[in-house]
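Here's the structure, in structure tokens; my notes come after.
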Amino acid sequence: MLRAAGVGTGDEVIVPAYGNAEVAEAVVQAGALPVFADIEPATYCLDPDAVAAVATPRTAAVIVVHRFGSQADVRRLRDLGSRKGFLVLEQGESDASYEGMERRRAHAAYLSGRLSGVVTPDGGDGHSYQRYVVRVPGNGRPDRDAFARAVRAKGVTCWVPVKTPVHRLPQFRRDVCLPETERAADETLALPVDASMSRRDLQRVVSACNALGGLLQPAF
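Just add 417 to wherever you are in the sequence shown, counting from 1, and you've got our numbering.
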């Protein structure tokens, strides 16, 4: 996609650091330099203001990754690209059937209405909940990791969606300030919301998580 767009040696491409390394790797393979921008805390997608702050005359493109079923603000990014002269390329996440998406949304609504002690996701318009990602607030301890261990001990599957932001990886290490990316990497935890889950499965998730409220500060 980058080569087809004419991106190559000497160009800069703005990418998110919150996610896996494949997008930054693709930029390097095209001969360009990946430049990291911060994310919006609600969507985990690139923040247009952060993109504007790191754009330079060498910026040839921005790669937008829609994350966890939430949509990036592509309209603002395209407006910015039109003004500054760079392309906006999108990478989506594979989705299931419409029926599966509606079931995930229903499961997410059930969890969001019953979970306590964690910050539930901001559904927003069009969220398909490919991942149901909560935040476990910290109070000076590795609360997210302790919470995850305790939830797993109760038989509920959960996982850290992004363990290490790309700008912390040795091959892409940058001295950049990405506070929302860092915070998301430290706090986020994905809980199961598969379309195949039963109401009993969802109740088990709620019971396991809410029983651990003593680990956490109140979520505001």
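Yeah, the Cβ is synthetic: ideal placement off N, Cα and C, and Gly gets one too.
Here the structure is a predicted model, which is why all the values come from computation and not from measurement.
Residue i classed as buried or exposed, judged by whether at least 16 other C-beta atoms fall within 10 angstroms
i: Pro474; result: exposed
i: Cys594; result: exposed
i: Thr460; result: buried
i: Tyr515; result: exposed
i: Arg521; result: buried
i: Gly436; result: buried
i: Ala421; result: exposed
Beta-carbon proximity check, residue i vs residue j, cutoff 8 Å
i: Leu619; j: Val553; result: no
i: Glu604; j: Gly555; result: yes
i: Ala449; j: Val430; result: yes
i: Arg548; j: Gly486; result: yes
i: Val424; j: Ala447; result: yes
Residue closest to residue i, alpha-carbon to alpha-carbon, out of the options
i: Val570; options: Ala628, Lys580 and Glu597; result: Sequence inspection shows Ala at residue 570; the Val mentioned does not correspond to that position. Checking every option, the nearest Cα to that of Ala570 belongs to Ala628.
i: Pro578; options: Ser624, Asp562 and Gly425; result: Asp562
i: Val550; options: Ala526, Ala567 and Gly517; result: Ala526
i: Asp496; options: Tyr546, Arg590, Ile456 and Ala478; result: Ala478
For residue i, three-class secondary structure by DSSP
i: Gln547; result: coil
i: Pro587; result: helix
i: Val424; result: coil
i: Arg484; result: strand
i: Pro451; result: strand
Touch test, the region 580–594 against the region 533–544, Cβ-Cβ under 8 Å, three pairs minimum: no
Touching by the beta-carbon criterion (3+ pairs, under 8 Å), the region 600–615 and the region 464–474: no
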